[in-house]
Every structure is written in structure tokens, then in C-alpha cells.
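Everything on this sheet refers to the single structure shown next.
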Amino acid sequence: DAVLGTGEVPEIVAALGSAGSAGFAERNPAYVPLLRANGTAVTGDDRLPTYIYDAETPRLLATPRHYAYVKIAEGCDYTCAFCIIPKLRGHYRSRSTESIVREAAMLAAQGVRELLLISQDTSFYGNDLGERGALARLLRALNRVDGLDWIRMLYLYPTTIGDEVLDAMAESEHVCNYIDLPLQHASDAVLKRMKRPGTHASYERLLDRIRTRLPGVALRTTFIVGFPGETAGDFQALERFVTTVGFDHVGVFTYSHEEGTSAHGLGDDVPAKTKRQRQARLMSVQKKVVARAQQARVGQRVRVMVDGPSAEHELVLRGRTEGQAPDIDPLVYLTDCDPAELTPGTLVDGEIVGSRDYDLLVRPVAVSAAV
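Just so we're aligned, residue 505 is where the sequence shown starts under the numbering used here, counting upward by one.
In C-alpha cells form, the structure reads like this:
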């Protein structure tokens, strides 16, 4: 047996080399954690993971063949109070643009039509290397890769989205008009305790700037309710923010008291029942926001990427607009379809004819050529 950490992928081969031996495989001493007096592990900077895969690293797609996730960086340099990722993943380290573009081209050659760029902070890409504007240049380079229809970014950080990135999005036809921006809260007091940069007012200015430069952009965010010290007033500020901003997609999580985070020392003082109630309340607010927005969209033409058959009916297919990411966002249901013609990865133009909860109902008009 072998127990390996997130930064020990190269050690897998060494561990397999000891197969057949009794007990645990020998560990590389560089990865053995230090221990505090109470027996808990602590990892110094010199023992944090440094590994990051590249285009030559073999991989098997765990997604349907028409879309794939590509990690453009690993690690994180922020110290958010609720998060332990920096201790697990190490400092932020970007892959080279050449490596990412090479991997994207290989995936496109295998039939991938949508690329999802991920990291712990995608908008920080290249900053660790002193390369200003690196993300904008990466987007433009990926936009030229043959075979890719959609390029989507996930996990952007509110303080690292520069105008050059927004301009690159606007100018690149294959980059989705979609921004995933985990804000976590909108109360200044809670944001400060969370050790999150920014304020309610700065977030509003950022969202206005994004919408000005990217008309019609789909905005996704996530929030944490029940963080230590969150008052009824703090939660009401968050409610008003969600109502006023009008996000397209919102995820709401209850605070989890994790050992190893700085928030663990604050005490978990919001009752579990209150956390669940606030989560349900905020999702109820968001559901009303979405219902109004979807009603206004009836009759609009949209382009949909087919994901596959639906369990609803043999003539109904699942798909997404460029404003919907796979796995995390609501769906489009395409009605009156020929599954033989509209295979996964196909782009189809359609008309929005209605909605159901968070999902859209779309009637196909024509199969579209790849953009």
C-alpha cells in the first residue's frame, strides 16, 4: 500500500516499484510532514508540493469526449480563512502557455469541442512568473486552436480580473461570454473575517465593469452562509446583494468548520439549523431572480451544445448554452429532436420556448456550423 499527497504524482511509479512487498511503500523523506507537539501535521514551505503536470503527462478523460478540463495552474497564494488548499496544493505556479496550447490542440484532435480552464485562481495566471497580461495572451492563443468551439474559464478571483482579460474575451469568438466569480459573501464584516480582499462596494463596481465590457455576460458565483460571526444583518446584506445584482447562476454552501484553517480558531457559532435555513432562503431568492430572467428570454434565439440524451423522452436531448458550464449549471432541454442527427458536441441554434425551474426549454431551428 502507499499513501500519496496531491503533489506526489511522480512518486506513484516509485510506489508501484515496491509492489509485492508487505506493508507500506517507502516514502520520499522530502514529503514526510513535520509534527507539532500535539501530534498534528504541519508542512513548511520547503515541503509544500511543487509538481504540476504538462502537455506530455498521459491522461484519460473522465468527461464525455466533447468537453475537457485543463488545469492551467496549481496551488494558491491566498490565505482565505475557510480554506486549506494552500497547505495541500502549495504555492501558485502557472504552466507555460505553450504547454497549455499544445494540450488543447491534442484534445481538439481527439474530438473535444469545449475546453474548461481551471485552477485555484484562474485570473492570477502568469502573475507568479511576472508575466502581466498572460491570461489574455493565453485566451487569444487558444482561440486559434483548430476544432475548439467553446473555451470557458472557471474560478476567477474578484481582485485579479484585469480589463485586458475582459477585452480578450470580447475579441475572441470561441471564448464563452461567461464568468465564474466565487465571491463567498457580500457583507464587509464577514468578508474581512474570511480574509477575502474586496468589499460589497468594490464587488458591485467590478460587476458593473464586467457587464459594461461584456454585454450579455453570464455571471456565476458561490457564497458561504453561516461563517463564524455572521449575523442576521450580514445575511440580509447578502440577500439584498443577490436580489440586486441578478446573477445567472448561484451556488450556496453552508460553512464547514475545518481543522487546519485559520477560521477554525474563531469557533463555529452559527447553529447548523440556522445555516441550513439561510442556505434555503438564499436559494429561494435566487430562484425568483432566475424565474424573472428566464421569462424575459422566451422567444430569444440561442446556440446550444448538445450533451446527450435526456431521461425525459426519446426525442428530448440535454444541452447547454455558452452561459452554462457542464456539471455545475442548469441545463437546456432540446425538444422534438432527432438524436441521430444531434450527437454530443453538436452545436444547434434554437428558440427558447419556456423554462422549468432553473432549466431552459429550447426548440431546435437549425444545426449550426462550428463557429
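Glycine residues also receive a C-beta, built at the ideal position from the N, C-alpha and C atoms.
Fair warning: this is a prediction, and the values are worked out from it, not measured in the lab.
Margin query: So, at 7 Å on beta carbons, what are the nonlocal neighbours of G720 in its own chain, with the 5 sequence-adjacent residues on each side left out?
Written below: Taking the sequence shown and counting its residues from 1, one reaches residue 720 at position 216. So the list reads N681, once near-sequence residues are dropped.
Looking at the secondary structure, which residues open and close the alpha helix (DSSP H) in which M787 lies?
Counted from its first residue, the sequence shown places residue 787 at position 283. Element bounds for M787: A776 to R801.
Can you give me the C-alpha to C-alpha distance between R540 and C587, rounded to a whole angstrom? To locate residue 540, count along the sequence shown from 1; it is residue 36. To locate residue 587, count along the sequence shown from 1; it is residue 83. Per-residue confidence for R540 stands at a pLDDT of 48, beneath the threshold of 50, marking its modelled position as unreliable; no derived number is given.
Of all the options S691, V820, V574 and M809, which has the alpha carbon lying nearest to the alpha carbon of P843? Position 339 of the sequence shown holds residue 843. Looking at the Cα atoms, V820 is the closest of the given residues.
- In the DSSP assignment, what are the bridge partners of M657? Position 153 of the sequence shown, counting from 1, holds the residue named residue 657. According to DSSP, which records beta bridges pairwise, M657 is partnered with L621.
Give a yes or no on whether the C-beta atoms belonging to V729 and K696 are separated by under 8 Å.
Here the question's residue 729 lines up with position 225 in the sequence shown. Here the question's residue 696 lines up with position 192 in the sequence shown. Between V729 and K696, the gap from beta carbon to beta carbon reaches 8 Å or more.
Buried or exposed, going by whether 16 or more other CB atoms sit within 10 Å of the CB of V536? In the sequence shown, counting from the first residue as 1, residue 536 sits at position 32. Reliability of the predicted coordinates at V536 is poor, the pLDDT of 48 falling under 50, and no value is obtained from them.
- Message: Determine, for A566, whether the minimum Cβ-Cβ distance to residues of chain C falls below 8 Å.
- Response: This model lacks chain C altogether, as it is built from one protein chain only.
(request) Assuming Q624 and C580 form a contact by the criterion Cβ under 8 Å, report the distance between their Cβ atoms to the nearest whole angstrom. (result) Position 120 of the sequence shown, counting from 1, holds the residue named residue 624. Position 76 of the sequence shown, counting from 1, holds the residue named residue 580. Yes, Q624 and C580 are in contact; Cβ-Cβ is about 4 Å, under 8 Å.
Between the beta-carbon of E880 and the beta-carbon of G630, is there less than 8 Å? The question about residue 880 has no answer here: the residues shown for the chain are numbered 505 through 875.
Report the option in E607, G854 and V869 whose CA atom is closest to the CA atom of E877. Given that the chain is displayed from residue 505 to residue 875, the structure contains no residue 877 and the question cannot be resolved.
_Assuming T716 is part of the beta strand (DSSP E), what are its boundary residues?_
One-based indexing of the sequence shown puts residue 716 at position 212. Per DSSP, T716 belongs to no beta strand (DSSP E); it is in the alpha helix (DSSP H), H704 to R717.
Determine, using beta carbons only, whether D811 and R824 come nearer to each other than 8 Å. As a position in the sequence shown, residue 811 is number 307, starting the count at 1. As a position in the sequence shown, residue 824 is number 320, starting the count at 1. Closer than 8 Å, so yes.
So L643 packs on V574, CB below 8 Å; how close in whole Å?
Translated into the one-based positions of the sequence shown, residue 643 becomes position 139. Translated into the one-based positions of the sequence shown, residue 574 becomes position 70. Between V574 and L643 the Cβ distance is about 12 Å, and since that is not below 8 Å, they are no contact.
For this session: Enumerate in chain order the residues of its own chain whose CB-to-CB distance from L652 is below 8 Å, with the five nearest sequence positions on each side excluded.
Result: For the purposes of this step, residue 652 is taken as the residue at position 148 of the sequence shown. Closer than 8 Å at Cβ, skipping near neighbours: A608, A612, V616, R617, E618, L619, L646 and H678.
**Report entry** Beta-ladder partner(s) of I683, from DSSP
**Finding:** Along the sequence shown, one-based indexing puts residue 683 at 179. Its beta-bridge partners are L723.
request  = To the nearest angstrom, report how far apart R717 and T765 are at their CA atoms.
outcome  = One-based indexing of the sequence shown puts residue 717 at position 213. One-based indexing of the sequence shown puts residue 765 at position 261. Going by the C-alpha atoms only, they are around 37 Å apart.
Own chain, CB closer than 8 Å to E818, minus 5 neighbours either side, in chain order:
Here residue 818 refers to the residue found at position 314 of the sequence shown. Correct list, in chain order: P843.
Measuring only the C-alpha atoms, how far is S691 from E762? As a position in the sequence shown, residue 691 is number 187, starting the count at 1. As a position in the sequence shown, residue 762 is number 258, starting the count at 1. Going by the C-alpha atoms only, they are around 22 Å apart.
Worksheet item: Which value, in whole angstroms, describes the spacing of the CA atoms of Q783 and V793?
Response: As a first step, residue 783 must be located in the sequence shown, where it is residue number 279. As a first step, residue 793 must be located in the sequence shown, where it is residue number 289. For Q783 and V793, the distance between alpha carbons rounds to 16 Å.
Notebook entry, point to check: Could you check where the beta strand (DSSP E) with P590 kicks off and where it finishes?
Noted result: Within the sequence shown, the letter at position 86 stands for residue 590. Here P590 belongs to no beta strand (DSSP E); instead the alpha helix (DSSP H) covers I589 to R593.
> Residues in its own chain within less than 7 Å of T747 by CB, not counting five upstream and five downstream?
Replying inline: In the sequence shown, the residue the question calls residue 747 occupies position 243. Beyond the five residues adjoining it in sequence on each side, T747 comes within less than 7 Å, by CB distance, of V789 and V793 in the same chain, given in chain order.
Legend entry - Collapsed DSSP secondary structure at A815 in the structure displayed: Within the sequence shown, numbered from 1, the residue matching residue 815 stands at position 311. Three-state DSSP puts A815 in coil, outside helix and strand.
TODO: Indicate the three-state DSSP secondary structure (helix, strand or coil) for V875 in the structure shown.
DONE: As a position in the sequence shown, residue 875 is number 371, starting the count at 1. Residue placement at V875 cannot be trusted, given a pLDDT of 45 that sits under 50; what the coordinates show is reported in the next sentence. Coil at V875, not helix or strand.
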